[in-house]
Every structure is written in C-alpha cells, then in structure tokens.
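Data first, discussion second: the structure below is written as structure tokens.
There are 2 protein chains.
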Amino acid sequence: MIDWKNNLRVVMISTRNPLNIGAAARAIANFGFARLRVVNPYDVAFREARSAVGAAPLLRRAEEFGSVAEAVADCRLVVGATSGGGRRFQHPLRRLEYGARLIKRALVQAPVALLFGSEKFGLGNDDLSHCQWLMRIPTVDPGLSMNLGQAVALCLYEMARDPKAVAVRPGKIKPASAAQAEQITAMLLEALGRSGYVNPLTAASTGEKVRRLVRRLNVAAKDAPVLMGMLRQILWKLGD
Amino acid sequence: MIDWKNNLRVVMISTRNPLNIGAAARAIANFGFARLRVVNPYDVAFREARSAVGAAPLLRRAEEFGSVAEAVADCRLVVGATSGGGRRFQHPLRRLEYGARLIKRALVQAPVALLFGSEKFGLGNDDLSHCQWLMRIPTVDPGLSMNLGQAVALCLYEMARDPKAVAVRPGKIKPASAAQAEQITAMLLEALGRSGYVNPLTAASTGEKVRRLVRRLNVAAKDAPVLMGMLRQILWKLGD
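Line by line, the protein sequences give chains Y and F.
The numbering used here applies: residue 572 is where the first sequence begins, and numbers increase by one.
The numbering used here applies: residue 572 is where the second sequence begins, and numbers increase by one.
This is the structure in structure tokens:
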C-alpha cells in the first residue's frame with residue numbers, strides 16, 4: 572500500500588499571520604501528513620513561525636508558489652475548506668465528516684490539494700474556481716469564522732481519526748477482587764467498631780451498609796493493598 | 572431535554588499565552604459550547620486576547636479561579652486532556668474518539684470539567700490528581716506536543732461532530748439529462764466537422780468517441796445551456 576497521507580498537499584493562500592502557517596505545520600506533523608504549500612504569504616519570513624514547535628523541518632520543506640494554479644498543478648482533486656455558508660457558493664458543499672472520507676479515498680489514488688484562504692477573507696472567487704467542491708467545518712454559526720490554525724487541525728484530524736476507536740475501551744482499570752473488597756470491608760468495620768462508630772444493637776445492618784458502600788467505591792486492584800495498608804496503620808494506632 | 576453543551580466547563584490551567592485562551596474561547600463558541608474557566612493564567616489581561624474574533628462575550632464571561640479544586644467543584648466528572656504518552660500515567664487513558672462519547676453521555680446528567688494544562692508542561696501531577704481519567708488526542712508522535720488552541724478545538728469538535736454525517740451526501744450536483752448531453756455531442760461534432768477535425772472515412776467512430784467523451788465529462792444540468800451557448804457561438808463563427 573502506498574502511503575496515502577503523503578499524497579495530501581495542504582495549500583495556504585495569502586495567509587497573513589505566519590503563526591498560522593506555523594500552527595498548520597504543527598498539525599500536519601501531529602497527524603502524520605507531510606506536505607505544506609504556501610501561495611503568496613503576507614509575511615515572506617513565515618519559515619521562522621514560532622508556534623511550529625517540533626514542526627520546523629516540515630516548515631523548512633514548505634513549497635512556495637506564486638499562484639493557486641501552480642500550487643495545485645500535480646493534484647487530481649482540489650478541495651476548498653470553509654467554515655462559512657454566508658455566501659452563496661457555486662460549489663457542492665460537503666460536511667467535514669463526509670468530505671474527509673471522500674478525500675481519504677482519493678488520496679489512495681493520487682495527490683489531493685486542500686485549500687485554506689486568508690484569515691480575513693477566506694477563499695476568494697479566483698481560488699474557488701480551482702476547486703471541485705468545498706468542505707465545511709460544521710460550526711454552529713456560519714457567520715462566526717474559525718481560527719485558521721484550528722481549521723487546518725480539524726480537517727487533518729477528521730482524516731486521521733479512527734472510526735473504530737469510538738467503541739474500544741483501552742486502559743480500563745482492573746478492579747479489585749471480591750476477596751480484596753471483603754478484606755477492606757472487614758478492616759474498615761473493625762476500625763469503626765474500635766472508634767465507637769458502630770452501635771452494638773445495629774451492628775449487623777451497619778456491616779451490610781459498609782459492605783455495599785465499599786462495593787460502590789469500585790476499588791482498583793492496585794489500590795486495594797494501599798487502602799489495606801492505611802487501615803492497618805489506623806487499626807494499630809486505635810489499639811484494642 | 573436539557574442542553575448538554577451548557578454542562579461542559581473547559582478549564583485552562585496556568586496558560587501562558589493569552590492568545591491560546593482566546594483561541595479556546597473561539598472554538599467554544601464555534602461548536603456551541605458556552606463556559607470557559609481559567610486557573611492562574613500567566614497573563615491576567617487574558618480577556619483582551621485578540622484571536623477570539625467573535626468570542627469576546629464568552630471571554631468576558633470566563634470565570635477565574637485560584638485552584639483546580641475550586642474550578643471543578645461543581646462537576647461530577649473531571650477529565651484531563653493530553654496529547655502525551657511520554658510519561659507513565661496513573662490514570663486510564665482513553666482515545667479522543669471514545670473519550671468524547673463518554674463525556675457526552677455524562678454531560679446529559681451533570682456538569683463535566685475538561686482540563687487543559689500549560690503550553691510548556693501540560694497537566695502537572697497536582698492537576699492530574701483531580702482527574703478521573705485522561706483523554707488522549709491521537710497524534711502520531713506522542714513526543715510532539717499539540718498546539719493548545721488546536722487541542723481544545725479538536726476535543727470540542729469530536730463532541731459536536733455528527734457520526735451520521737459521514738454517510739450523507741449533501742449538495743450533490745444535478746447532472747445534465749441524456750437529451751442535453753446528446754445536444755452537446757451533436758453541436759461539438761458539427762463544430763469538429765466544420766473545422767476539418769473529422770476524417771469522413773472514420774466519421775462514425777469519431778462520433779462514438781465524442782459521445783463517450785461528453786458522457787465522461789459529467790456535465791451538470793446548470794452548465795449544459797452554458798456549454799451549448801458557447802458551441803452555438805463557435806458554430807456561428809465557423810459558418811457553413
């Protein structure tokens with residue numbers, strides 16, 4: 572299998588703040604993609620963007636172009652990213668969840684360009700004319716634009732995310748055994764008895780209450796000996 | 572139904588750069604959440620953060636606390652966000668895809684706090700001791716930390732995203748009818764004939780080739796009259 576992630580070109584057009592190019596580079600590295608292209612950045616010294624912690628090599632390898640046509644020339648699919656909806660688009664608009672799936676499928680075959688416009692104006696009409704369709708980040712208010720670095724991160728995350736991971740339960744805590752829970756119950760009851768907490772007339776029902784309480788605590792296996800050590804020390808101090 | 576989104580508290584601890592608090596506020600607004608809490612921000616003037624375009628009211632309403640304990644006091648579930656894996660955690664670690672589902676379920680019942688540590692150090696041991704479990708953003712290299720504003724946006728997006736939207740196909744283009752495609756084919760063939768492109772001996776096979784080519788173009792219904800207008804003009808200029 573070819574590495575589909577290597578086929579994606581993130582294309583940033585007329586970006587004003589170099590920190591946003593840095594943030595995009597960082598997201599590209601975070602999610603295992605590799606290629607960044609910039610078209611007419613506002614600040615030509617964008618390669619020094621500081622927010623690119625750990626993404627400096629990627630930023631150095633970024634390719635610079637004078638036009639969108641050149642930046643997307645080797646791509647078989649060109650998609651524009653938008654959080655908008657305010658303007659009437661000439662293009663089909665696909666939600667990120669579905670659009671990312673289409674892009675992933677296309678990436679297996681050939682290079683795909685994903686275009687991001689400037690912070691202030693988004694993609695212009697000329698940029699849009701290069702796009703086959705648009706991908707919309709599903710924000711609640713289309714009038715409230717997204718932070719550019721966040722928009723890049725969201726698009727890449729949706730492509731990198733693993734739908735199967737929704738159902739897995741990694742890192743589940745191993746619970747204490749019933750025997751351990753019972754030991755803790757007994758020690759706690761003993762401590763309560765020695766402290767005068769337990770009324771001899773209702774001792775039996777107190778025992779049941781404490782047992783149920785300890786079961787509800789859902790003590791982890793590794794915490795059981797710690798709790799028993801605490802109780803042992805308290806019992807020692809309480810004496811007979 | 573109560574508004575589950577209103578139950579989420581995004582808690583930012585010891586954030587150094589006020590722009591990151593602004594970016595978080597913007598993401599909270601973008602995805603329809605409402606509440607931001609800050610604990611000991613480095614820059615007490617964080618409410619002026621400029622990157623919060625459109626999120627100024629939310630930033631003004633942000634609550635400030637002196638300790639994590641106070642910031643999470645009203646919550647029934649406290650989760651720490653991390654992109655790491657470098658340290659050995661005492662907590663169960665859940666991937667964002669699964670963790671977000673658990674948080675959504677909890678939000679329907681009661682307030683939930685989602686904790687984000689500082690840009691440099693992430694969540695400290697004291698912060699972690701308030702968490703029931705940790706949620707990990709699935710980056711490829713756990714050693715390469717995420718941009719804080721992007722991390723907040725990703726967690727909120729995963730909660731707001733609509734799993735059903737993966738399969739829908741909004742904005743599909745209505746294709747031209749077969750009759751329109753045939754009209755275009757006929758006009759194009761006529762133009763090719765008048766231009767001397769068509770060899771009379773192979774005219775039949777050329778006709779078939781052009782017909783197949785036009786079908787592969789997948790002309791949209793609304794583009795068909797435009798194309799026919801272009802061809803009509805060319806035919807007029809070509810004359811008989």
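Glycine included, C-beta positions come from ideal geometry on N, C-alpha and C.
Treat the numbers as computed from the prediction; the structure is a model and nothing was measured.
Residue i, buried or exposed, once every other Cβ within 10 Å from all chains shown has been counted against 16
i        : result
Gly720/F : buried
Asn591/F : buried
Leu784/Y : exposed
Pro628/Y : exposed
Gly593/F : buried
Leu554/Y : What is shown of chain Y runs 572 to 811, which leaves residue 554/Y out entirely.
Ala738/F : exposed
Arg787/Y : exposed
Gly810/Y : exposed
Pro771/F : exposed
Pro709/Y : buried
Gln661/Y : exposed
Glu690/F : buried
Gln680/F : exposed
Gln804/Y : exposed
Gly800/F : exposed
Met572/F : For Met572/F, the pLDDT reaches just 44, beneath the cut-off of 50, and the residue's location in the model is therefore unreliable, leaving the point undetermined.
Ala749/Y : exposed
Ala825/Y : In the structure as shown, chain Y starts at 572 and stops at 811, and residue 825/Y therefore has no counterpart that could be examined.
Lys808/F : exposed
Between the CA atoms of residue j and residue i - distance to the nearest angstrom
i        : j        : result
Val711/F : Val769/F : 56 Å
Val649/F : Leu667/Y : 29 Å
Ala736/Y : Lys780/F : 48 Å
Leu802/Y : Gly767/Y : 16 Å
Gln703/F : Val610/F : 19 Å
Trp575/Y : Ala598/Y : 17 Å
Leu678/F : Ser638/F : 23 Å
Asp794/Y : Asn696/F : 18 Å
Ile755/F : Val624/Y : 55 Å
Ala775/Y : Asn789/Y : 23 Å
Asn577/F : Leu798/Y : 37 Å
Lys675/F : Met730/F : 7 Å
Gly657/F : Ser716/F : For Gly657/F, the predicted structure reports a pLDDT of 45, less than 50, and the residue's modelled location is therefore unreliable. The matter cannot be settled from this model.
Ala626/Y : Ala596/Y : 6 Å
Ala762/Y : Val643/F : 32 Å
Gly764/F : His701/Y : 32 Å
Ala600/F : Leu579/F : 12 Å
Ala620/F : Asn718/Y : 13 Å
Thr773/Y : Ala792/Y : 31 Å
Asp733/F : Leu727/Y : 17 Å
Pro796/F : Arg782/F : 17 Å
Ala746/F : Asp645/Y : Note that residue 746/F is Pro in the sequence shown, not Ala. So the alpha carbons of these two residues sit roughly 27 Å apart.
Met706/Y : Leu673/Y : 10 Å
Gln751/Y : Gly651/F : 29 Å
Phe602/Y : Ala722/Y : 14 Å
Met758/Y : Phe636/F : 39 Å
Ala605/Y : Arg647/Y : 18 Å
Beta-carbon separation (whole angstroms), residue i vs residue j, contact threshold 8 Å
i        : j        : result
Thr653/Y : Gly693/Y : 6 Å
Leu664/F : Ala724/Y : With a Cβ gap of about 21 Å, Leu664/F and Ala724/Y do not count as contacting.
Gly670/Y : Ile584/Y : Incorrect: roughly 18 Å between the Cβ atoms, too far for contact.
Val581/F : Arg608/F : 7 Å
Leu760/Y : Gly778/Y : 6 Å
Closer than 7 Å at the beta carbon, the chain C residues around residue i
i        : result
Thr710/F : The chain labelled as chain C is not found among the protein chains of the depicted structure, namely Y and F.
Query raised in the report: Using a Cβ cut-off of 7 Å, which residues of the region 662–680 of chain F contact any Cβ in chain Y, in chain order?
Result: Residues Pro663, Leu664, Arg665, Arg666, Glu668, Tyr669 and Arg672.
Report task. Flag this pair as touching only if the region 672–685 of chain Y and the region 628–638 of chain Y have three or more C-beta atom pairs under 8 Å; answer yes or no. Result -> no
Query raised in the report: Should the region 577–589 of chain F be regarded as contacting the region 600–615 of chain F, the criterion being three or more beta carbon pairs within less than 8 Å?
Result: Cβ pair count under 8 Å is three or more, so yes.
Query - Near-chain Y residues of the region 724–738 of chain F (beta-carbon distance less than 9 Å), N- to C-terminal order - result: When C-beta distances to chain Y are compared with 9 Å, the residues of the region 724–738 of chain F below that value are Ala724, Leu725, Tyr728, Glu729, Ala731, Arg732, Asp733, Pro734, Lys735, Ala736, Val737 and Ala738, in chain order.
Query raised in the report: Of the residues that make up the region 594–609 of chain Y, which ones have a beta carbon closer than 7 Å to any beta carbon in chain F?
Result: Ala594, Arg597, Ala598, Ala600, Asn601, Phe602 and Gly603
Query raised in the report: Any residues in the region 775–786 of chain Y with a beta carbon nearer than 9 Å to a beta carbon of chain F? Which ones, in chain order?
Result: none
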